[in-house]
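There are 2 protein chains.
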Amino acid sequence: MPTDPTDPNAPGGHRPAAPTDRVRVRRKPDRGHYDRATIDAILDAGLVAHVGYVVDGQPYVVPTLYWRGGDRVLWHGSSASRMIRAVEAGAPVCLTVSQIDSIILARSGFNHSADYRSVVVVGVATPVVGEDKARALDAFVDSLVPGRAADLRPMTEKELKQTAVVSLALDEASAKVRDAGLGDDPGDETWPVWAGTIPVRRTFGTPEPASDLPPGIELPDGVRRLIER
Amino acid sequence: MPTDPTDPNAPGGHRPAAPTDRVRVRRKPDRGHYDRATIDAILDAGLVAHVGYVVDGQPYVVPTLYWRGGDRVLWHGSSASRMIRAVEAGAPVCLTVSQIDSIILARSGFNHSADYRSVVVVGVATPVVGEDKARALDAFVDSLVPGRAADLRPMTEKELKQTAVVSLALDEASAKVRDAGLGDDPGDETWPVWAGTIPVRRTFGTPEPASDLPPGIELPDGVRRLIER
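Top line first, the protein sequences correspond to chains X and Y.
Following our numbering, the numbering of the first sequence begins with 16 at its first residue and continues without gaps.
Following our numbering, the numbering of the second sequence begins with 16 at its first residue and continues without gaps.
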């Protein structure tokens, strides 16, 4: 029985290999991870993805909110958007999620760095249509605030028509993680300059209720949990 | 004499038009900005860019630290990296910087949204070489902590050789900004669900000095300014 594939340091354990050469981490291969636990944790902690697609040989990179549904990552957009139309037409895409965790200020410029977590997913996305689309959009809202979709004013046919949802399988994905902190060259530690790390975080502030919120509507627990996440 | 191009609301003023169709904001054109003041402010507030490039028709999107130098945006990488090699070979690139400012929780799923600021730059990047490269790498460090480069252990020839720097002109760039906050449909405001906005911020935490920092080296003012930015 194999050991936990999520623990590359488990005795006798081994890290899963890259599913394809396209997503194999080439530079600093020790930072590459291909197990779904690592990939899912980074995707689930993120908020914004950057989606790359190509038109006439020119790449475009578009920031978008996204969510994960099981073995797929999903995003939405206007049915009329150039990105959505290209993706729905079967253009190869790359979806990247990244989170910077710290800035590393070393004694040399060369050893300046950052700790970070990122995921890259490549492939061809699939349009999500019909009742699946309505369900996916509910799941999108619930991915931010669990349970919220059921409390909303129901979607109209027109709204549904204006909105497109696409999904991309996590079959061809990799994570890249640096969590090494400061790494100066031996001998540099006596150089007379401040060195260390600066944590970087994405934080949620205090929710600001709508100015026309009817009295008696309290902040839902789900929103409280989001801002603590 | 034209009015300030950075102020779209100036009496008699007009917003600059998109430099090319490739970066024109098509969806929600009112969110598009093409003046350098808006573009530079977003670039200067950001930390991580997502760079898109194409290999064999497949787009790849790579997160990277970046900095702005006058009319260009720059980034660095290992001379051996696939991204750097493709970019140095003249592959078209797209560099995108985005910052999410708030999550909008509306009464309908359709009006859920986010306030954000983003910049897209497309074009062909140029390798920065020779003494310009060394100067650019110093500028990179100084873009994080002004004045720091001069205090560092000097770069070695080997380090310089291992590091590549590329720059991309801001000639073909656009910004997209949503700062509209909550926008429910008329009539939805009485729907019995909490609605409002949740601010999202990137914050710097307390600097953690190197464990082997010699005594007497204080936190530099530049680092203090970085974490307050």
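Every residue, glycine too, gets a C-beta built ideally from N, C-alpha and C.
As the structure is a computational prediction, the values presented were derived from the model and not from experiment.
DSSP bridge partner residues for Lys191/X (one or two, in chain order):
Gly47/X and Ser133/X
Under 8 Å (Cβ pairs) to chain X, residues found in the segment 125 to 142 of chain Y:
Residues Phe125, His127, Ala129, Tyr131, Ser133, Val135 and Val137.
Does the segment 173 to 192 of chain Y touch the segment 206 to 226 of chain X, meaning 3 or more C-beta pairs lie closer than 8 Å?
no
Note down, in chain order, every chain Y residue with its Cβ under 7 Å from the Cβ of Leu234/X.
By Cβ distance, chain Y contributes Trp209.
Within the 8 Å Cβ cut-off, does Tyr49/Y reach chain X?
no
Interface partners of Thr205/X on chain Y, CB under 7 Å:
Pro229
According to DSSP, is Phe155/Y part of a helix, a strand, or is it coil?
helix
Got a sec? Which residues, its chain only, sit under 8 Å from Arg87/Y by beta carbon, not counting five neighbours each side?
Ser182, Leu183, Ala184 and Leu185
With DSSP collapsed to three states, give me the class of Arg163/X.
coil
Is the segment 194 to 206 of chain Y touching the segment 52 to 60 of chain Y, taking contact as three or more C-beta pairs under 8 Å?
These segments do not touch.
When the cut-off is 8 Å and only beta carbons count, does His65/Y lie next to chain X?
Yes, His65/Y counts as interfacial toward chain X.
Do we get a CB-CB distance below 8 Å when we pair Ala25/Y with the residues of chain X?
Caution applies to Ala25/Y, whose pLDDT of 46 falls short of 50 and renders its modelled position unreliable; the model cannot decide the point.
With 8 Å set as the bound, which would you pick, yes or no: does the beta-carbon of Ala153/X sit closer than that to a beta-carbon of chain Y?
A small fix is needed here, since residue 153/X is Asp in this sequence, not Ala. For Asp153/X, the answer is yes, since a Cβ of chain Y falls inside 8 Å of its Cβ.
Range of the contiguous beta strand (DSSP E) that encloses Gly211/Y:
Gly211 to Phe219
What separation, rounded to the nearest whole angstrom, lies between the Cα atoms of Arg41/Y and Ala33/Y?
10 Å
Please list, in chain order, the residues of the segment 56 to 89 of chain X that have any C-beta partner in chain Y closer than 8 Å.
Result list: Leu62, Val63, His65, Val66, Gly67, Tyr68, Val69, Gly72, Gln73, Pro74, Tyr75, Val76, Val77, Pro78 and Leu80.
Could you work out which residue in Val112/X, His91/X, Asp45/X and Trp206/X is closest to Gly231/Y when comparing CA atoms only?
Trp206/X
Tell me where the alpha helix (DSSP H) around Arg100/Y begins and ends.
Arg97 to Glu103
How many angstroms separate the CA atom of Gly145/Y from the CA atom of Leu175/Y?
Near 9 Å, if we compare the C-alpha coordinates of Leu175/Y and Gly145/Y.
Per DSSP, His12/X is paired with what?
One cannot answer for residue 12/X here, as it falls past the ends of chain X, which runs 16 to 244.
Under 8 Å Cβ to Cβ from Arg59/X, same chain only, skipping five residues before and after it: list those, please.
It is Asp, not Arg, that sits at residue 59/X in the sequence shown. Around Asp59/X: Arg83.
Can you give me the C-alpha to C-alpha distance between Leu89/X and Gly105/X, rounded to a whole angstrom?
15 Å
With DSSP run on the structure shown, which of helix, strand or coil describes Ile115/X?
strand
In three-state terms, what does DSSP make of Arg296/X?
Residue 296/X lies beyond the range of chain X shown here (16 to 244); nothing can be said about it.
For Gln114/X, count neighbouring C-beta atoms within 10 Å of its own C-beta (all shown protein chains included) and say buried if the count is 16 or more, exposed if not.
Counting the other CB atoms within 10 Å of its CB gives Gln114/X a total of 16 or more, which places it among the buried residues.
Chain X contact for Ser94/Y (CB, 8 Å cutoff)
It does not: the Cβ of Ser94/Y has no partner Cβ on chain X nearer than 8 Å.
Nearest neighbour of Val38/X, chosen from Leu110/X, Asp157/X, Val135/X and Gly237/X [CA to CA]
Nearest to Val38/X by C-alpha distance, out of Leu110/X, Asp157/X, Val135/X and Gly237/X, is Val135/X.
Counting only Cβ-Cβ distances shorter than 7 Å, please list the residues of the segment 100 to 117 of chain X near chain Y, keeping chain order.
Pro107, Val108, Cys109, Thr111, Ser113 and Ile115
Given 7 Å as the limit, tell me if Thr53/Y has its C-beta closer than that to any heavy atom belonging to the ligand ZN.
As far as ligands go, the structure on display features none, and thus does not contain the ligand ZN.
Proximity test, Cβ basis, 8 Å: Glu187/X and chain Y:
no
Which residues share a DSSP beta bridge with Arg168/Y?
Ser123/X
For chain X, is any of its Cβ atoms less than 8 Å away from the one on Arg97/Y?
yes
Go ahead and pull the three-state DSSP assignment for Leu175/Y.
helix
Is Leu35/Y helix, strand or coil by DSSP?
Position check: residue 35/Y holds Thr in this sequence, whereas Leu was assumed. Note: Thr35/Y maps to coil in three-state DSSP.
Simplified DSSP assignment, three categories, for Glu233/Y:
coil
Take every Cβ of the segment 120 to 135 of chain Y, pair it with every Cβ of the segment 157 to 167 of chain Y, and state whether three or more of those distances are shorter than 8 Å.
no
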